[in-house]
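Here's the structure we're looking at; comments come further down.
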Amino acid sequence: MTRTLIAAALAATMLAGCSGHDKADKQDRREKAGRGGGKGNRAARFDRLDKNGDGQLAGDEIPQRMQGKVSKRDQNGDGQISRDEFSRRGK
Ligand SMILES: [Ca+2]
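Add 251 to the 1-based position in the sequence shown for the working numbering, that's all there is to it.
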């Protein structure tokens, strides 16, 4: 019984360790490779990245690989990426 609980706790810890930006980066690589791309997935990806749910991506919500592209996507110059600005990607 104790072994089962320890194994479950270990598995939960491992799962928790690969959450957040790792998953978002993985999804982004899939989209870039042409798998899972598209408007619906972009919206879903935005929702995953928008941790505080304010409809803007800012600070650590923006994956490291996207940091250099903020100024390109940030069309109104507020330093954040809105859902609309995010969905215009590639247009
Ligand atoms: Ca946000």
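Note that CB positions come from ideal geometry on N, CA and C, so glycine has one too.
With 6 Å as the limit between CB and the heavy atoms of ligand 1, the residues that fall short of it are ASP301, ASN303, ASP305, GLN307, LEU308, ALA309, GLU312. Beta-bridge analysis with DSSP links SER333 to GLN307. Annotated three-state conformation of ASN327 is coil, per DSSP.
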